[in-house]
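Novice: Numbering (the UniProt record's numbering), first residue to last: 1 to 202. The beta carbon of each residue, even a glycine, is placed where N, CA and C say it ideally should be. As the structure is a computational prediction, the values presented were derived from the model and not from experiment. To start, I am sharing the structure in question, which I have written as structure tokens.
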């Protein structure tokens, strides 16, 4: 998580009645309900909200955050005040593609080359957030109704790695979207996908 979301989450967990000091980030009532439900969700018997607090409590005097001061300076400073620790932004961590992923990377680039300029939407929620089955179904319905071409990266938590993508998508979704959509499980060459001229939205 970046500094904005981390600071918002920690303040909400510790002092839910206190208003977040940056008005550009706020939640509508229905969003607040979803946010609270997300913090209450658990894996291995530990709630996500508790996991956030435990990570901050167990950290030493310095905490590394995947962000940059140029983008999140005020949130970095506020997070440091909240936690009483020095926050060190380490920038965006880009993972070099592994040899065994070359074939998959080549295949998706060939698919993108067939698409019109700015016609493809790239759907990805990062490596630190896992969608529920209900959320996956809603996104699938939206993509199908939009009729846009898309690349959708779906990741499962470690304890659900045996889950097949077909099990969480609406029945018949893959057949209905056909070649207009590509679903990649676990990993995608994100940097190269976003650089491609066929991608027009994220």
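1) State the DSSP-derived secondary structure class of residue 213, mapped to helix, strand or coil.
2) Which residue marks the beginning of the beta strand (DSSP E) containing residue 149, and which one marks its end?
3) Three-state secondary structure (DSSP) at residue 115?
4) Express the C-alpha separation of residue 20 and residue 26 in angstroms, rounding to a whole number.
5) Run the CB neighbour count on residue 107, radius 10 Å, all protein chains shown included, and call it buried at 16 or more, exposed below.
6) I believe residue 87 touches residue 52 by the beta-carbon criterion, under 8 Å. Please report the beta-carbon distance rounded to the nearest angstrom.
7) According to the Cβ coordinates, are residue 45 and residue 119 closer than 9 Å?
8) Based on Cα-Cα distance, which residue from 64, 59 and 89 lies nearest to residue 73?
Specialist: By the coordinates alone:
1) The structure shown does not extend to residue 213, since the chain is modelled only from 1 to 202, so the question has no answer here.
2) 149-154
3) It is coil, neither helix nor strand.
4) Approximately 7 Å, taken between the alpha carbons.
5) Counting every other CB atom within 10 Å of its CB across the protein chains shown gives residue 107 a total below 16, marking it as exposed.
6) About 15 Å; that fails the 8 Å criterion.
7) no
8) 89
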